[in-house]
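Numbering (the working numbering), first residue to last: 64 to 319.
Below: the structure, in structure tokens.
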């Protein structure tokens with residue numbers, strides 16, 4: 064009787080267990096072909112880069128300075144130089160079709176960005192590094208070109224460990240709000256990556272090797288080439304909070 068009862072219990076448990084959905088895990092990172100990448104930053108100096116005070120984020124100093132950009136512990140470190148005054152640091156060389164990758168370890172608060180095909184006045188396709196409450200990582204924004212495009216699939220909430228999924232049907236967030244704390248590690252170096260091709264461009268972004276956005280523009284909004292830039296946003300007081308970037312490298316995808 065006991066064995067029969069155990070068998071019956073097992074049969075009854077099967078459909079109950081089957082109804083419990085399997086716990087989803089964050090997606091696995093892609094494996095990238097690193098052939099052809101060259102460093103944009105030597106880890107010691109800002110050789111090959113220049114600070115621009117020509118953007119709208121440098122208005123506090125009447126465009127006399129473009130924020131504070133230094134090299135510390137093998138990283139480019141940026142902050143406002145006086146309260147409210149930001150700017151960009153931009154490559155001296157211009158690029159057309161390319162893929163850029165870097166590691167970031169920013170304080171949670173400053174608004175930053177990775178600029179693609181940027182002018183020295185900051186007009187660009189920005190892959191967002193709005194690392195603050197209400198911000199986003201690796202969505203695409205038309206900086207200085209009318210705010211178009213503006214596509215994203217999540218926003219940060221009050222804490223960096225919490226995100227709110229935004230409905231973007233062309234490319235939904237690959238990581239759920241529940242899995243975000245396991246996926247993103249604040250206070251550590253995390254890689255972000257962006258690729259821009261053609262004009263009107265197709266822009267693809269990744270966070271820690273996971274594709275987060277794929278966007279095809281329908282208008283030609285900028286020149287075929289421009290610089291690669293990093294931003295510290297104007298406004299507020301972010302003189303004592305910092306953005307940090309290292310291992311910055313680029314692969315030229317332009318047809319020879």
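Every residue, glycine too, gets a C-beta built ideally from N, C-alpha and C.
Since the model is a prediction, treat every value here as computed from it, not as a measurement.
Distance from the CA of residue 108 to the CA of residue 162, rounded to the nearest whole angstrom, comes to 22 Å.
Restricted to the region 106 to 185, the beta strand (DSSP E) segments that are unbroken, complete and at least 3 residues in length are 112 to 115, 131 to 135, 138 to 142, 150 to 154, 161 to 167, 174 to 181, listed in chain order. Of 271, 317, 250, the smallest CA-CA separation from residue 171 is found for 250. Beta-bridge analysis with DSSP links residue 200 to 192. Between residue 231 and residue 214, the CB-CB gap stays under 9 Å.
Counted as a single uninterrupted DSSP element, the alpha helix (DSSP H) harbouring residue 243 occupies residues 243 to 246. Two segments are said to touch when three or more pairs of C-beta atoms, one from each, lie closer than 8 Å; by this definition the region 130 to 137 does not touch the region 224 to 243. Scanning 129, 138, 257, 158 for the CA closest to the CA of residue 289 turns up 158. Assignment of residue 218 by DSSP, reduced to helix, strand and coil, places it in the strand class. Nearest Cα to residue 282 within the set 205, 254, 273: 205. Rounded to the nearest whole angstrom, the C-alpha separation of residue 267 and residue 278 is 6 Å.
Here the alpha carbons of residue 129 and residue 196 stand approximately 24 Å from one another. For the 9 Å CB-CB criterion, residue 167 and residue 269 do not form a contact.
Counting C-beta pairs closer than 8 Å gives three or more between the region 95 to 111 and the region 141 to 155, which meets the contact rule. Residue 308: member of the beta strand (DSSP E) spanning 306 to 315, first to last residue.
Shortest Cα-Cα distance from residue 308 to any of 92, 91, 140, 299 involves 140. In chain order, 214, 277, 278 place their CB closer than 8 Å to the CB of residue 233, counting only its own chain and leaving out the 5 sequence neighbours on each side. For residue 268, the uninterrupted beta strand (DSSP E) segment begins and ends at 265 to 270.
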